[in-house]
Structures are given as C-alpha cells and as structure tokens.
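Structure record follows, encoded as structure tokens.
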Amino acid sequence: MTSMQIDHPAQLYYLHISSENPERLAAFYREQMSLDEKVIAGQHVLRGGSRAVIVSKGSSGELLFPAYALQSAEALARLRTRLNVKGISMTPLSTPLYAEGAFTIEDPQGRKTAYGICANHRVSDPEPARLQHVVFQTTELEAVVRFYVDKIGFSISDEVIDEETGQLAVAFLRSDDEHHSLAFFRGSRNEWDHHCYETNEWNDIRDWGDKFAKQHMQIFFGPGRHGPGNNLFFMVTDPDGNRLEISAEIERIAADASPGVWPHNEYTLNSWGRAWMRT
Ligand SMILES: [Fe+2]
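According to the numbering used here, the sequence shown is numbered sequentially starting from 1415.
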C-alpha cells in the first residue's frame, strides 16, 4: 500500500486566495498574521515564520489553491511518477514561493491543489502558527475523497458518518504524520470552508486570542477541542469572511492506522460544547 505519508510526505505550505479587494485582504494577513508583503507581478506575496499567502485580484472568498510542499526534488519526482501512472495531468506552476518543477492538478470538481518544493525555507516563528490544513465543503464527497486517496495518495485518518442515513459526512485526510492536512465536509455548495494554523501549545492559542481581541475580531466557533484530530481550536474570520482556525495538539497518526469512525454530531466536532454544523 503506497501513500504520500510513506512515499513523499507533504505539508501545507501556502494558500493562493483571490479577493475583490486584495489590498485590504493582504493588509489583514500582513498585520494580523505578522507576514512580510511584497507585490510581485501584481500579486501580494506574504510570508513569515512558517506560513505564507498569495492574494490576487478576483472573486472574494475563493481559495484558488492550497499549495503543498514536498521535502526534496526526489520526493516530487516520485509524486510525478505516481500521477503519470494514474493518468492525472499536471499543469506547470511558476510562483516566487516554489522552486522550479511545481505543478497544479485538478480534482473531479475542478478544485486545484499545488505541489512543489519550497523556494525559501520556513524559519522559527516568534508567534507560532504554522499553516497546517485546509478544508472544503463539497456536494460530491465520495468522489472527491476517492480522488485524493486513490490518485494522489492521501490517507484517511477519520471519517464522520451520518447515523440516520449511514452516509459519509466528513473525511479527514493526511499527507504526512499529522492527522489531517486536507479535509472535506459534505455540503450543499462547493466552497472553501476554512484554513488552520498549528501552534505549539494552548498558551499560544491564548496569545492569538488576545491579539485578535485587540482588533475586536470575534471568535465565531470555539474555543474547544475537535474529536477527530483531538486538537484545541478557535476560529475567526478575515475581512472577506474567510475562516481562520488557530489550533494546538493536533494528533499524529501511524502510517498503518485504520481510519477512525465518528458519529456526525456536535460532540464530535467540538467535545467542549456547541459546534458549527455545516448544512
Ligand atoms: Fe480545521
């Protein structure tokens, strides 16, 4: 059984977001997430610590793609070989954040993900918040999960099942030892759900909460602890309404672990109390 976790582990590295007001959105990530900003070829390229974002002009609320970093050119070559065998077409991607050889692929719903090698290494972070996972809502949950598992090599860490219908409601997918770097919720629309930054410990969550509080940014979900992943969390929104999660203690999963199964209820999504249930 081959998988990304075993053959070519990958971490979420940066997001490429579009916005009707890219200057305002870039200013938010520059100031609130403490990133350095450069405008390169009309795109706002923001980096710092272990997180990076590109903001470009377009529709608000859209994640053009999440970009994953592999550890070496050899690992990227192994992923290319796998995708060729599976018949997946790769589109070359040129960006200041990747070294040469990066590419995007499209899933059955046209959703893009990118893979490449970091152009600049992540540095230690005075405000710990490593970009760690991204989540989408989808109307075609089974087909999308099969694509990321069978074609690309993500592994299923946990599944959440609707107990009345027996239908899959959520799937958490990993690309290295961390519980999920990608997840999909069944929804009535196909949209970006949220993205998450992993900190070092609970006190970092307090510090981010205090920082956001100074800007009167209200928490809309949490603080709490997720069942799948077992991570502590809270969520806020940026000026475009995109959801950011700050997390700690995300679980690590062995490569040979079988997927866990959870009931679809509030306690699964937040063992501390009320949950945001997607519809
Ligand atoms: Fe999350």
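A virtual CB, placed ideally from N, CA and C, is assigned to each residue, including glycine.
Keep in mind it's a predicted model, so treat the numbers as computed, not measured.
Under 8 Å by Cβ, that's how I've got residue i and residue j pegged, so tell me the actual separation to the nearest angstrom.
{"i": "Thr1527", "j": "Phe1479", "result": "6 Å"}
{"i": "His1608", "j": "Arg1657", "result": "4 Å"}
{"i": "Asp1539", "j": "Gly1463", "result": "3 Å"}
{"i": "Ala1487", "j": "Tyr1427", "result": "In fact, because the Cβ distance is near 15 Å, the residues do not count as touching under 8 Å."}
{"i": "Tyr1562", "j": "Leu1596", "result": "7 Å"}
{"i": "Ser1589", "j": "Thr1693", "result": "28 Å between Cβ atoms; not a contact."}
{"i": "Pro1677", "j": "Arg1438", "result": "Not a contact, Cβ separation roughly 41 Å."}
{"i": "Gly1472", "j": "Ser1417", "result": "That belief does not hold up - the Cβ atoms of Gly1472 and Ser1417 are roughly 33 Å apart, past 8 Å."}
{"i": "Val1558", "j": "Gln1523", "result": "6 Å"}
{"i": "Trp1606", "j": "Leu1477", "result": "4 Å"}
{"i": "Leu1493", "j": "His1422", "result": "5 Å"}
{"i": "Phe1598", "j": "Leu1555", "result": "6 Å"}
{"i": "Arg1465", "j": "Leu1545", "result": "4 Å"}
{"i": "Pro1542", "j": "Asp1450", "result": "Wrong, their Cβ atoms sit about 17 Å apart, outside the cutoff."}
Within 9 Å (strictly less), CB to CB, does residue i reach chain B?
{"i": "Glu1476", "result": "Annotation note: the requested chain B is absent from the structure, which comprises a single protein chain."}
Please state the DSSP three-state secondary structure of residue i.
{"i": "Gly1687", "result": "coil"}
{"i": "Asp1621", "result": "helix"}
{"i": "Leu1507", "result": "coil"}
{"i": "Asp1421", "result": "helix"}
{"i": "Phe1442", "result": "helix"}
{"i": "Asp1572", "result": "strand"}
{"i": "Arg1494", "result": "helix"}
{"i": "Glu1605", "result": "strand"}
{"i": "Asp1564", "result": "helix"}
{"i": "Val1548", "result": "strand"}
{"i": "Thr1651", "result": "strand"}
{"i": "Val1537", "result": "coil"}
{"i": "Leu1460", "result": "strand"}
{"i": "Phe1634", "result": "coil"}
{"i": "Glu1514", "result": "coil"}
{"i": "Glu1556", "result": "helix"}
{"i": "Glu1434", "result": "coil"}
{"i": "Glu1578", "result": "coil"}
{"i": "Thr1693", "result": "coil"}
{"i": "Thr1682", "result": "helix"}
Regarding residue i and ligand 1, is the C-beta to nearest heavy atom distance less than 8 Å?
{"i": "Val1549", "result": "yes"}
Per DSSP, which residues does residue i bridge with? Please list them.
{"i": "Ala1662", "result": "Leu1646"}
{"i": "Leu1484", "result": "Ala1424 and Ile1531"}
{"i": "Ala1585", "result": "Glu1573 and Phe1598"}
{"i": "Leu1429", "result": "Val1467 and Pro1480"}
{"i": "Gly1674", "result": "Asp1572"}
{"i": "Gly1475", "result": "DSSP output for Gly1475 lists no bridge partner at all."}
{"i": "Tyr1611", "result": "Leu1545 and Ile1660"}
{"i": "Glu1451", "result": "Leu1460"}
{"i": "Arg1639", "result": "Leu1646"}
{"i": "Glu1592", "result": "Arg1666"}
{"i": "Ile1502", "result": "According to DSSP, Ile1502 bridges with nothing at all."}
{"i": "Glu1520", "result": "Lys1526"}
Would you list the residues whose beta-carbon is nearer than 5 Å to any heavy atom of ligand 1, in the order they occur in the chain?
-> Cys1610 and Glu1659
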